[in-house]
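Engineer: I have a structure I would like to understand better, so I am pasting it below and will then ask my questions one at a time.
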């Protein structure tokens, strides 16, 4: 029986009803119920998976771990992100040149925003003022003002801009350049590139730690490159696995998870000590990730195997696989771990 189902009973002592003890008991029940609710799924909660090869979305019931719906969403959906308040889930359709907004709990389509040119990867600045769309095919970074998605600047960004991360103070957007092996910094006030530097071969996923360091998956090698943007210097290469691609926070205030496409593994990395743990074998082409609110599971798309892997981060359960569409890429569910740590 969970705490929320426990009846409240008055506390009676030899001298009669004890109000103080009764209040303490009631507070304990309420707190326990809140903790239980925080770890539970929202009723009807779904996981949303983008199938880039099919141009569809697979909707997975998180309780049963079964696909309950698949529907077309656009041409070449690659990445998806929630709005800053998690009220909508935004899908980037690179070939359709539009954004589709979904209900983040159920995966249902809410609205569509046309005339967003070649959106591949997306990001909102932490202060909510700017929306950045990475146009990979067009070698360009587009900046829109919020809340109306008004185009403000198109910044040339050769060659092959890939993923984006933001300074914590929203001053700068950092974009990896896959085919020129570079990192560029864009000032979000002036809308201009302010500097660029060389990285390892084929940089992809990027994440900024609370300490202000950038972690970049070096897809053409086997490591995450750690860069201090204040010094514009690479300070360490952390070996994780071949095809190091995406970098995603575990939400526990100490680790990021690195997906290694070629090796088919996920490597936890302590972003404070800059030390990698033992890789977890997942599957060929492991890519995007989402972490449950309690931090115990990571759900990952396995692109070359057309399925989603559910990995127990405690190491006590075997990996479970859920078949989806071709080349699954982005993944999201609403009861996720914190992304800011």
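In this note's numbering, the protein residues as written are 39 to 379.
Yeah, the Cβ is synthetic: ideal placement off N, Cα and C, and Gly gets one too.
Small disclaimer: the values here were computed from a predicted structure and weren't measured.
1) Look up residue 111 in the DSSP assignment and give the residues it is bridged to.
2) Return the chain-ordered list of same chain residues with a C-beta closer than 7 Å to the C-beta of residue 364, the five sequence neighbours on each side being excluded.
3) Among the residues of its own chain, which have a CB less than 6 Å from the CB of residue 259, if the five just before and after it don't count?
4) Would the region 303–321 count as touching the region 342–356 if we require 3 or more Cβ pairs under 8 Å?
5) In this structure, how does DSSP classify residue 299 when only helix, strand and coil are distinguished?
6) As an exercise, report each continuous beta strand (DSSP E) stretch of at least 3 residues that is fully enclosed by the region 157–236, in chain order.
7) For residue 186, count the other beta carbons within 10 Å of its own beta carbon; 16 or more makes it buried, fewer makes it exposed. Which is it?
8) Going by DSSP, what residues sit across from residue 359 in a beta bridge?
9) Would you mind sorting residue 232 into buried or exposed? The rule is 16 or more other CB atoms within 10 Å of its CB.
10) Cutting at 8 Å between CB atoms, please list the residues of its own chain near residue 288, excluding the five before and the five after it.
11) Which residues in the same chain as residue 183 place their Cβ atom closer than 6 Å to its Cβ, once the five residues preceding and following it in sequence are excluded?
12) From the DSSP output, which residues share a beta bridge with residue 305?
13) Between 194, 132, 253, 140, which has its C-alpha nearest residue 158's C-alpha?
14) Can you tell me whether residue 241 is buried or exposed? The criterion is at least 16 other CB atoms within 10 Å of its CB, across all chains shown.
15) Check for me: the beta strand (DSSP E) holding residue 328 runs from which residue to which?
16) Just confirm the distance between the C-beta atoms of residue 173 and residue 160, as a whole number of angstroms; I'd bet it's less than 8 Å.
Structural biologist: On the basis of the supplied data:
1) DSSP, once it has assigned bridges, lists no residue as partnering residue 111.
2) 89, 91, 92, 344
3) 238, 239
4) yes
5) coil
6) 159–162, 168–173, 178–183, 188–194, 199–204, 210–215, 220–225, 230–236
7) exposed
8) 347
9) exposed
10) Result list for residue 288: 294, 295, 306, 329, 333, 336, 351, 375, in chain order.
11) Closer than 6 Å at Cβ, skipping near neighbours: 190.
12) 296
13) 132
14) A residue is called buried when at least 16 other Cβ atoms come within 10 angstroms of its Cβ; residue 241 meets this threshold and is buried.
15) 324–329
16) The Cβ separation is near 11 Å, so there is no contact.
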